[in-house]
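A.B. asks:
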Amino acid sequence: MKPGIHAALGVALLLALGGHAALAQGAVGGNPLAPANAYVNAPHDWQMWLPKPGSPMEARIDWLMRYVLWIMAAVVGFVGLLLAWVIYRYRAHKNPIPSQTTHNTLIEVIWIVVPTLILAAIIVPSIDLIYYEADTHNPYMTVTVTGHQWYWEYNYNAVPGLDYSSYMIPDDKIKSGEIRRLSVDHPMVLPVGKKIRFVITSGDVLHGFYLPSLGVQKYAIPGTTLTSWTIIPKAGTYYGQCNQICGMDHDAMPIEIKAVPLADYLAWTKMARAQYTENDVPAAPLSSPMPVNQFADAAR
Ligand SMILES: [Cu+2]
Numbered sequence: 241m242k243p244g245i246h247a248a249l250g251v252a253l254l255l256a257l258g259g260h261a262a263l264a265q266g267a268v269g270g271n272p273l274a275p276a277n278a279y280v281n282a283p284h285d286w287q288m289w290l291p292k293p294g295s296p297m298e299a300r301i302d303w304l305m306r307y308v309l310w311i312m313a314a315v316v317g318f319v320g321l322l323l324a325w326v327i328y329r330y331r332a333h334k335n336p337i338p339s340q341t342t343h344n345t346l347i348e349v350i351w352i353v354v355p356t357l358i359l360a361a362i363i364v365p366s367i368d369l370i371y372y373e374a375d376t377h378n379p380y381m382t383v384t385v386t387g388h389q390w391y392w393e394y395n396y397n398a399v400p401g402l403d404y405s406s407y408m409i410p411d412d413k414i415k416s417g418e419i420r421r422l423s424v425d426h427p428m429v430l431p432v433g434k435k436i437r438f439v440i441t442s443g444d445v446l447h448g449f450y451l452p453s454l455g456v457q458k459y460a461i462p463g464t465t466l467t468s469w470t471i472i473p474k475a476g477t478y479y480g481q482c483n484q485i486c487g488m489d490h491d492a493m494p495i496e497i498k499a500v501p502l503a504d505y506l507a508w509t510k511m512a513r514a515q516y517t518e519n520d521v522p523a524a525p526l527s528s529p530m531p532v533n534q535f536a537d538a539a540r
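Residues in the sequence shown are numbered consecutively from 241, following the numbering used here.
1) Just verifying my parser: in three-state terms, what is the DSSP assignment at residue 317?
2) Where does residue 330 land, buried or exposed, given buried means 16+ other C-beta within 10 angstroms?
3) Is residue 303 helix, strand or coil by DSSP?
4) Return the chain-ordered ranges of every beta strand (DSSP E) run that is complete within the stretch 339-392 and spans a minimum of 3 residues.
5) Considering only C-alpha positions, which residue in the set 460, 312 and 512 is nearest to residue 384?
6) If you reduce the DSSP assignment to three classes, tell me which class residue 442 lands in.
7) With 16 as the cutoff for other CB atoms within 10 Å, does residue 392 come out buried or exposed?
8) With DSSP collapsed to three states, give me the class of residue 496.
9) Could you give the distance in angstroms between the alpha-carbon of residue 324 and the alpha-carbon of residue 332?
10) Mark residue 403 as exposed unless 16 or more other C-beta atoms lie within 10 angstroms of its C-beta, in which case mark it buried.
11) Within 10 angstroms of the Cβ of residue 361, are there 16 or more other Cβ atoms? Answer buried if so, exposed if not.
12) For residue 457, which residues from the same chain have a beta carbon less than 6 Å from its beta carbon, with the 5 sequence-adjacent residues on both sides left out?
13) Given this structure, state the Cα-to-Cα distance separating residue 497 from residue 355, to the nearest angstrom.
14) If residue 431 and residue 516 are in contact, beta carbons under 8 Å, what's the gap, nearest whole angstrom?
15) Which ranges would you report for the beta strand (DSSP E) in the stretch 455-505 if only whole runs of at least 3 residues count?
16) According to DSSP, simplified to helix, strand and coil, what is residue 394?
17) Flag residue 503 as yes when its Cβ comes closer than 8 Å to any non-hydrogen atom of ligand 1, and as no otherwise.
18) Between the alpha carbons of residue 396 and residue 353, how many angstroms are there, rounded?
19) For a test of your reading of the model: does the CB of residue 390 fall under 8 Å from any non-hydrogen atom of ligand 1? Yes or no.
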């Protein structure tokens, strides 16, 4: 049996065993979807390259990055060698009487045509990727993402009432299996293999909705929306951060996404909706920073 099938069977078994217990506890944001933890796509020490692609979009971005990098390396290498050769071969000592040549039609044609072809070779896949990234039509579902000082709010448009806040777990409350400055109390839960559209906005100042391993990066701008999308083929946990300097706790608003099989996602929406309707919005951890606007309100 292939390892992939093994893993899938393992996940199914875990679901059968653990799914109901977790659902019964109603542990939204705790660990209701344990199998999703099997794969974690997170930054690691000494990471030197882009994150491992977790979506087709990031895979394309990664490919284009390497493609352009190789072209760039070839250009830099060629020009560098040419320069070295000219400096050596035509140095004043060896070449006391310089050539008076000012034009060479063949060389001029080459140095116009070749760069044009190189640019065309870069532009075609670039434009293709821009159109691919902009294609938010026909999603399976839409999540409205609102940046706040300093947490994220996720609104599941197709699930009435499912709108909750996601706070970073403070350093002193981190448990094993969680990642300092990246794990959150209530992650965004998404189904694997489905096209998810993000509608991104802000409730106060500029934020940045940045999911490096999924190839998503959009400003969250008060008063307007930007859209992006993703498909996550592999169940697991993916991370992002606010990457627009947005105030004192800019670093304390990470994004955590749990990608789970569709059935788990649907079960989760029922559970989450029941719990979140009861409690309105899940409580933030006690040591979460007080929203700065409270000071402003108190001063009035
Ligand atoms: Cu922010």
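Beta carbons: idealized from backbone N, C-alpha and C, even for Gly.
C.D. replies: Let's see:
1) As a working note, residue 317 is residue 77 in the sequence shown. Helix.
2) The residue given as residue 330 occupies position 90 in the sequence shown. Residue 330 comes out exposed.
3) Looking up residue 303 in the sequence shown gives position 63. Looking at residue 303 - three-state DSSP - the assignment turns out to be helix.
4) DSSP assignment within the stretch 339-392 yields the following whole beta strand (DSSP E) runs of 3 residues or more, N-terminal first: 381-388.
5) Numbered from 1 along the sequence shown, position 144 holds the residue referred to as residue 384. From the listed residues 460, 312 and 512, the smallest Cα separation to residue 384 is found for 460.
6) Reading the sequence shown from its first residue, position 202 is the one you call residue 442. For residue 442, the three-state secondary structure derived from DSSP is strand.
7) The sequence position of residue 392 within the sequence shown is 152, counting from 1. Sixteen is the threshold: when 16 or more other Cβ atoms of the shown chains lie within 10 Å of the Cβ of residue 392, as they do, the residue is buried.
8) Numbered from its first residue, the sequence shown carries residue 496 at position 256. Of the three classes helix, strand and coil, the one that applies to residue 496 here is strand, per DSSP.
9) Position 84 of the sequence shown, counting from 1, holds the residue named residue 324. Position 92 of the sequence shown, counting from 1, holds the residue named residue 332. In a straight line, the C-alpha of residue 324 is about 14 Å away from that of residue 332.
10) Locating residue 403 in the sequence shown gives position 163, counting from the first residue. Buried, since its Cβ has 16 or more Cβ neighbours within 10 Å.
11) Taking the sequence shown and counting its residues from 1, the one referred to as residue 361 is at position 121. Classification for residue 361: exposed.
12) The residue given as residue 457 occupies position 217 in the sequence shown. The beta carbon of residue 457 lies closer than 6 Å to those of 450 in the same chain, with the five residues before and after it left out.
13) Taking the first residue of the sequence shown as position 1, residue 497 is located at position 257. Taking the first residue of the sequence shown as position 1, residue 355 is located at position 115. Their Cα atoms are separated by approximately 42 Å.
14) Your numbering for residue 431 matches position 191 in the sequence shown. Your numbering for residue 516 matches position 276 in the sequence shown. Between residue 516 and residue 431 the Cβ distance is about 18 Å, and since that is not below 8 Å, they are no contact.
15) Correct list: 456-460, 466-471, 476-482 and 494-500.
16) Start at 1 with the first residue of the sequence shown, and residue 394 comes out as number 154. Correct three-state label for residue 394: strand.
17) Within the sequence shown, residue 503 is the residue found at index 263, counting from 1. Every heavy atom of ligand 1 is 8 Å or more from the Cβ of residue 503, so no.
18) Taking the sequence shown and counting its residues from 1, one reaches residue 396 at position 156. Taking the sequence shown and counting its residues from 1, one reaches residue 353 at position 113. C-alpha separation (whole angstroms): 51 Å.
19) Taking the sequence shown and counting its residues from 1, one reaches residue 390 at position 150. Residue 390 has its CB nearer than 8 Å to a heavy atom of ligand 1.
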